[in-house]
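Okay, so the sequence shown: first residue is 44 according to the numbering used here, each after it adds one.
We put the CB at the ideal spot given by N, CA and C, even for glycine.
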Amino acid sequence: MDDEGFIWTDLVNSIFSEEEAALILSIPLSYFRTPDTLIWTKEKNGTFTTKSAYHVAHSSGEDYGTGPASSKMDAGVKWLWKALWKACVPTKVKNCVWRCCTNALPTQANLQKRKVITTATCIFCKCERETVEHVLLECPRSVSIWFSSSLSLRTGGMGSGGFQIWMIQMAGELSKQSFDLALVLIWSIRKERNSSLWTGSGYPLSNPSMAP
Ligand SMILES: [Zn+2]
Numbered sequence: 044m045d046d047e048g049f050i051w052t053d054l055v056n057s058i059f060s061e062e063e064a065a066l067i068l069s070i071p072l073s074y075f076r077t078p079d080t081l082i083w084t085k086e087k088n089g090t091f092t093t094k095s096a097y098h099v100a101h102s103s104g105e106d107y108g109t110g111p112a113s114s115k116m117d118a119g120v121k122w123l124w125k126a127l128w129k130a131c132v133p134t135k136v137k138n139c140v141w142r143c144c145t146n147a148l149p150t151q152a153n154l155q156k157r158k159v160i161t162t163a164t165c166i167f168c169k170c171e172r173e174t175v176e177h178v179l180l181e182c183p184r185s186v187s188i189w190f191s192s193s194l195s196l197r198t199g200g201m202g203s204g205g206f207q208i209w210m211i212q213m214a215g216e217l218s219k220q221s222f223d224l225a226l227v228l229i230w231s232i233r234k235e236r237n238s239s240l241w242t243g244s245g246y247p248l249s250n251p252s253m254a255p
């Protein structure tokens, strides 16, 4: 909410997809218009403490390992963010790709992890677990889109290392123009899936003539 107690509609619309923004903006707000507050979720009372921050930092280190491999990963991630924010694409595309890279999408796998649903099978191909890698790289329709684009990328099986790793690789291998196109394709794939889901129109599976 802004200083006058109104929702930042434009900001929400610029960060989230049309459908997600509609859901967020439909959340009823308090009539008392209490000011926004920063809450540190690692403490029960919402107050920041250095002790809990240390635990967060420590567990993050365990996730990525330590030593040279970790340094390489950090450098790769920095390289990716730099390439992403320098790209000549609309901000909504950058925000979408950033959310994909940080696994901040409401995929079936993520919803299952949060116990919102019990199964995580892809709702379109109904074959694989719907992770961000599956959605963007390995679902049959996505495989066709990547291969039939001017990039001619074979993405089937490329998500095993994680979507962020794949993106770091792309940022290093593709020309700036091709990287920009890849960003727009990611945004388009996600938008097409969302539209199909919300309109119930079904999701066209791969066209055999375009499949690798
Ligand atoms: Zn699928």
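Contact between the segment 149-169 and the segment 116-133 is absent: fewer than 3 CB-CB pairs across the two stretches fall below 8 Å. In this chain, lysine 169 is not harboured by any alpha helix (DSSP H), its DSSP state being neither H nor E. Counting along the chain, cysteine 139 sits inside the alpha helix (DSSP H) bounded by residues 134-144. With the rule of 3 Cβ pairs closer than 8 Å, the segment 210-226 counts as touching the segment 131-143. Ranked by Cα distance from asparagine 237, the options Trp141, Glu62, Leu196 are led by Glu62.
In this structure, glutamate 181 lies near threonine 198, with their beta-carbon atoms less than 8 Å apart. Within its own chain, the residues whose Cβ lies closer than 8 Å to the Cβ of threonine 162, once the five positions on either side in sequence are excluded, are Gln151, Gln155, listed in chain order. A Cβ-Cβ separation of about 5 Å places phenylalanine 206 in contact with glutamate 176 under the 8 Å criterion. Under the 10 Å beta carbon count, serine 195 is surrounded by fewer than 16 other beta carbons and is classified as exposed. In the structure shown, the three-state DSSP call for glycine 119 is helix.
About 6 Å separates the beta carbons of leucine 228 and serine 192, which is inside the 8 Å limit, making them a contact pair. Straight across, the Cα-Cα distance linking glycine 202 with tryptophan 209 is about 7 Å. DSSP places methionine 213 inside the alpha helix (DSSP H), whose first and last residues are 206-216. Taken through DSSP and simplified to helix, strand or coil, proline 149 comes out as coil. Going by DSSP, serine 187 is part of the alpha helix (DSSP H) stretching over 183-191. In this structure, glutamate 63 has its beta carbon at no less than 7 Å from each heavy atom of ligand 1. Apart from sequence neighbours up to five positions away, the residues of its chain that approach alanine 214 with a beta-carbon distance below 7 Å are Trp122, Leu123, Ala126, Phe222, ordered along the chain. Looking from the CA of leucine 179, the closest CA among Ala64, Ala65, Arg233 belongs to Arg233.
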